[in-house]
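Trainee: Taking our numbering, the leading residue of the sequence shown gets -5, the next gets one more, and so forth. Here it is, the structure in full.
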Amino acid sequence: MSKTLAGFTITRSGEEYLISMEDEDGEKTEFVASYEQLDLIVEAIEEQLDGDEEDALGVDDEAEPA
């Protein structure tokens, strides 16, 4: 079963980053990632959000500009 994300933090530790994610029950999961891995995460998030932007903003492709 999927859990709902309640919050997260990203903290630099030397040359790595600690990603801490907390779910709605207060359970935390931590990951260590490199700069390159964080960059790939950012790219994936941007790609997903760009694809969903029109739906999220309620943009109508058929609407004529005023």
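Yeah, the Cβ is synthetic: ideal placement off N, Cα and C, and Gly gets one too.
Closest to Glu24 by CA distance: which of Val36, Tyr11 and Gln31 is it?
Mentor: When each option's Cα is compared against that of Glu24, the closest is Tyr11.
Trainee: Going by DSSP, name the residue or residues bridged to Glu10.
Mentor: Ser7, per the DSSP bridge assignment.
Trainee: Expressed to the nearest angstrom, what Euclidean distance is found between the alpha-carbon atoms of Val26 and Val36?
Mentor: 15 Å
Trainee: In three-state DSSP terms, what is Gly1?
Mentor: In the structure shown, Gly1 sits in a strand (DSSP, three-state: E or B).
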